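As structure tokens, the structure follows; a few thoughts come after it.
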């Protein structure tokens, strides 16, 4: 579905991503874990078209590296960005409609809005409230729901559990599982390594811009080095 | 002040305030998205007025009109569709029609372009809108990543350029505008029954009603676009977070171009109504209304559309009524707006409806 090959990203003089290669097969949950500054966000931001980089990002046989963000989402790759980035002055429903900006099928959009509401009933209660007035957890749900609204094949979620109460973290991970069961592919970025590894088919561990370890989620969960460094 | 005078001033203030509001919206929309004060906006207003009167009165050669229409078509198409795909038949048909008309009227049968009034207005608004989009593309788009001050300097440069070009093309002489008779023949209302005085008459020209009514219709249309359509949603989103909006598949440059197009169309409409009400046009006519509308936008809270409308209306009322109550101050008429600007900047820099500018995290 998506292959990242020897990706390098620079911010000014800083070499943030140093030759990362990923393979994201159709229908899988792939997770990137690592500490702050390991290059996880830079990697997904580059896939989403927000940063320039060197290397290759192959999607359906075509290198999409360097294509603008507004084209990437049209190819079925959506990003729920770090920090939620809800538009605070738009209502919940308008945020979702913005997520469906690339679509023109009115009925389909209405159906998908209802579907997102069924995933996150809390959002439905707040449909007409401004996004900025939601709690952190609700904003996170909205960010995930908004990314789903473009009807993507690949959803990239950047730290969807950041700053959430444990109960909500569980809920978000439940929903990530549900979305995978619908046949969508998920690239999940997490600091919560235990939860991410438990759900992921395959995982990559990043340290200072490079992949230091990779393998199926369950296997890494048992890896003593991972246990010590990430699972405490 | 007597009641009849008061009502008379009220009508004047309403029209002036509506016009300031229309222009102010253009400033505030562009500022809301780009954080740029588009100083060329007042000159766009002037071009709107000139285009109508050059086509109805001063007899614009028809080939010029054909050329302008053809260019407008190309600008709209390249901005909103793009030449990435092969343009459809209607596009080429339009360009060919414009070129054919241009050749015919230019070489074979030179004619003046003197369309009926309403058509001239539509022509002026469409062409002005395309000029607004071109200003963005030529002067601001290359500077999107540059420091904000660069775009501001560019805006001042564009303003001088348009004014000077207008002097060359239209000549610097002020030209009288012939007001259509039906628009200025006043209705006279007697207020005798209220004041008991046979002299208390209010004269209202149809124009004094038409100006605010059309302004309100245009603003309502704009609000509909902004709050009820998809491009409007994108405009509102971009004003807060460009990056996230791009992630949703919105092409930012198209939305910015649309903002300039809409703002310029409103400015053109305001320019046309302004020149009917104050019937004289000259290349620098946009300066003062432009500056005052900018002040109205700051007063209302720059970046806020309701703020621009309220700021425009209040500035219009203030200007008319200060002179009405203190006729000896009428020479200082233009100074009030600037005093207001200084007071606002000292006392409440975010304006009436403006939000606190928070640094983006």
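Chains as they are written, first to last, in my numbering: chain A, 1 to 232; chain B, 1001 to 1361. Glycine residues also receive a C-beta, built at the ideal position from the N, C-alpha and C atoms. These numbers were taken from a predicted model, which means no experiment stands behind them.
Exercise. What residues are listed by DSSP as bridge partners for residue 56/A?
Worked result: Partner(s): 5/A.
For this session: Examine the Cβ distances between the region 71–86 of chain A and the region 153–160 of chain A and report whether three or more of them are shorter than 8 Å.
Result: These segments touch.
Exercise. With a cut-off of 8 Å, do at least 3 Cβ pairs link the region 1205–1220 of chain B to the region 57–76 of chain A?
Worked result: No, they do not touch.
For this session: Note down, in chain order, all residues in the region 72–92 of chain A with a beta-carbon under 8 Å from any beta-carbon belonging to chain B.
Result: Contact annotation: in the region 72–92 of chain A, residues whose CB is within less than 8 Å of a CB in chain B are 73, 74, 78, 79, 81, 83, 85, 87, 88, 89 and 90.
Exercise. What does residue 1249/B reach in chain A if we use C-beta pairs closer than 7 Å?
Worked result: Near residue 1249/B (Cβ distances below 7 Å), the residues of chain A are 70, 73, 74, 101, 102 and 150.
Problem set entry | Residues near residue 1003/B in its chain [Cβ-Cβ closer than 8 Å; skip 5 each side] | Closer than 8 Å at Cβ, skipping near neighbours: 1191, 1194, 1195 and 1200.
Exercise. Does residue 320/A get closer than 9 Å to chain B when you measure Cβ to Cβ?
Worked result: Nothing in the structure corresponds to residue 320/A, since chain A is present only between 1 and 232.
For this session: Could you tell me which of 1051/B, 1059/B and 1083/B sits nearest to residue 1122/B, measuring between CA atoms?
Result: Of 1051/B, 1059/B and 1083/B, the residue nearest in Cα terms is 1051/B.
For this session: With DSSP collapsed to three states, give me the class of residue 1008/B.
Result: In this structure, residue 1008/B counts as helix in the three-state DSSP scheme.
Exercise. Shorter than 9 Å from the beta carbon of residue 1252/B to some beta carbon of chain A?
Worked result: For residue 1252/B, the nearest beta carbon of chain A is closer than 9 Å to its own beta carbon.
Exercise. If you compare alpha carbons, which of 1117/B, 1099/B and 1068/B is closest to residue 1056/B?
Worked result: Distances from the alpha-carbon of residue 1056/B to those of 1117/B, 1099/B and 1068/B put 1117/B closest.
Problem set entry | Backbone secondary structure at residue 211/A - three-state DSSP | Looking at residue 211/A - three-state DSSP - the assignment turns out to be strand.
Exercise. Among all the DSSP beta bridges, which residues are the ones paired with residue 78/A?
Worked result: Answer is 155/A, bridged to residue 78/A.
Exercise. Going by the CB atoms, is the gap between residue 1351/B and residue 1300/B shorter than 9 Å?
Worked result: In contact: residue 1300/B and residue 1351/B (Cβ atoms closer than 9 Å).
Problem set entry | Status (buried if at least 16 other CB within 10 Å, exposed otherwise) for residue 1224/B | Around the beta-carbon of residue 1224/B, fewer than 16 other beta-carbon atoms lie within 10 Å, marking it exposed.
Problem set entry | 7 Å Cβ shell around residue 1087/B - same chain, five flanking residues per side excluded | Cβ within range, chain order: 1077.
Exercise. Can we count residue 1018/B as close to the ligand HEM, meaning its CB is less than 8 Å from some heavy atom?
Worked result: By its list of ligands, the structure shown contains no ligand whatsoever, and the ligand HEM lies outside what it can speak to.
Exercise. Is DSSP giving residue 1113/B helix, strand or coil here?
Worked result: Residue 1113/B falls in the strand class under three-state DSSP.
Exercise. Does the pairing of the region 1166–1176 of chain B with the region 1275–1292 of chain B give three or more beta-carbon distances under 8 Å?
Worked result: The region 1166–1176 of chain B is in contact with the region 1275–1292 of chain B.
For this session: Can you say whether residue 190/A is buried or exposed, counting buried as having 16 or more other CB atoms within 10 angstroms of its CB?
Result: Buried, by the Cβ-count rule.
Exercise. Closer than 7 Å, Cβ to any Cβ of chain B: which residues of the region 27–50 of chain A, in chain order?
Worked result: Of all residues in the region 27–50 of chain A, 48 and 50 have a Cβ within less than 7 Å of some Cβ in chain B.
Exercise. According to the Cβ coordinates, are residue 1236/B and residue 96/A closer than 9 Å?
Worked result: If you check the CB distance, residue 1236/B and residue 96/A do not come in under 9 Å.
Problem set entry | Spatial neighbours of residue 213/A in its chain, beta-carbon cut-off 8 Å, leaving aside the 5 residues before and after | Around residue 213/A: 204, 205, 220, 223, 225 and 226.
For this session: Could you run through the region 1063–1081 of chain B and flag, in chain order, every residue whose CB is less than 7 Å away from some CB of chain A?
Result: Listed by position along the chain: nothing, the set is empty.
Exercise. Can you find a CB in chain A that lies within less than 9 Å of the CB of residue 1241/B?
Worked result: Closer than 9 Å to some Cβ of chain A, the Cβ of residue 1241/B qualifies, so yes.
Problem set entry | Limits of the unbroken alpha helix (DSSP H) element including residue 50/A | Counting along the chain, residue 50/A falls outside any alpha helix (DSSP H), and DSSP gives it neither H nor E.
Problem set entry | Cα-Cα separation, residue 194/A to residue 162/A | The alpha-carbon atoms of residue 194/A and residue 162/A are separated by roughly 14 Å.
Problem set entry | Coarse secondary structure for residue 219/A, derived from DSSP in three states | In the structure shown, residue 219/A sits in a helix (DSSP, three-state: H, G or I).
Problem set entry | Minimum C-alpha distance to residue 1043/B - residue among 1164/B, 1348/B and 1183/B | Of the candidates 1164/B, 1348/B and 1183/B, the one whose C-alpha sits nearest the C-alpha of residue 1043/B is 1164/B.
For this session: Drop a sphere of 10 angstroms on the beta-carbon of residue 158/A, count the other beta-carbons inside from all chains shown, and report buried for 16 or more, exposed for fewer.
Result: Buried.
Exercise. Would you say residue 62/A reaches chain B, if we count a Cβ-Cβ gap shorter than 9 Å as a contact?
Worked result: Answer no: the Cβ-Cβ gap between residue 62/A and chain B never drops below 9 Å.
Exercise. Under 9 Å Cβ-Cβ, which residues of chain B neighbour residue 94/A?
Worked result: Close to residue 94/A, with beta-carbon spacing below 9 Å, are these residues of chain B in chain order: 1233, 1236 and 1237.
Problem set entry | Whole-angstrom distance between residue 1113/B and residue 1124/B, CA atom to CA atom | Cα to Cα, residue 1124/B sits roughly 12 Å from residue 1113/B.
For this session: Look up residue 1310/B in the DSSP assignment and say whether it is helix, strand or coil.
Result: In the structure shown, residue 1310/B sits in a helix (DSSP, three-state: H, G or I).
Exercise. Would residue 135/A be called buried (16 or more neighbouring beta carbons within 10 Å of its own) or exposed?
Worked result: The residue in question, residue 135/A, is exposed, as its Cβ has fewer than 16 Cβ neighbours within 10 Å.
Exercise. Out of 1039/B, 1336/B, 1034/B and 1304/B, which has the shortest C-alpha to C-alpha gap to residue 1154/B?
Worked result: Looking at the Cα atoms, 1039/B is the closest of the given residues.
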